[in-house]
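Data block below; observations after.
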Amino acid sequence: KMYFLPAIRGKGLAKKLALMAMEQAREMGFKRCYLETTAFLKEAIGLYEHLGFQHIDYALGCTGHVDCEVRMLREL
Numbered sequence: 015k016m017y018f019l020p021a022i023r024g025k026g027l028a029k030k031l032a033l034m035a036m037e038q039a040r041e042m043g044f045k046r047c048y049l050e051t052t053a054f055l056k057e058a059i060g061l062y063e064h065l066g067f068q069h070i071d072y073a074l075g076c077t078g079h080v081d082c083e084v085r086m087l088r089e090l
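Quick note on the working numbering: the sequence shown kicks off at 15 and runs consecutively.
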């Protein structure tokens, strides 16, 4: 999960944190990064698309996030 208070949004912190997390995952041997979000979070979806995530039509496993109808995947 990643959430920033409105006061610090728009400073590039989410992008930096996401890039750091993906680099760490790559170093740990992961090949793909999967995320779920909700269509309500348009800014987040835009960031994920900018980072190379592609929309997919199905969940990868049972994550328990039943309200997250947007699923995205990116090769690392």
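Every residue, glycine too, gets a C-beta built ideally from N, C-alpha and C. Being a predicted model, the structure only gives us computed values, none of them experimental.
Quick check on the burial criterion: 16 or more other C-beta atoms within 10 angstroms. Buried or exposed for residue i?
{"i": "M16", "result": "exposed"}
{"i": "Y72", "result": "exposed"}
How about residue i and residue j: are their beta carbons less than 8 Å apart?
{"i": "R46", "j": "L87", "result": "yes"}
{"i": "E83", "j": "A58", "result": "no"}
{"i": "A28", "j": "F18", "result": "yes"}
{"i": "L49", "j": "F67", "result": "yes"}
Roughly how many whole angstroms lie between the Cα atoms of residue i and residue j?
{"i": "R60", "j": "H69", "result": "The question names Arg, but residue 60 in the sequence shown is Gly. Taking the straight line from one Cα to the other gives about 11 Å."}
{"i": "G75", "j": "G26", "result": "30 Å"}
{"i": "L31", "j": "L65", "result": "12 Å"}
What are the boundary residues of the alpha helix (DSSP H) that residue i is part of?
{"i": "M86", "result": "Here M86 belongs to no alpha helix (DSSP H); instead the beta strand (DSSP E) covers V84 to E89."}
**Asked** Taking three-plus beta-carbon pairs below 8 Å as touching, is the segment 72-84 in contact with the segment 30-38?
**Response** No: fewer than three Cβ pairs fall under 8 Å.
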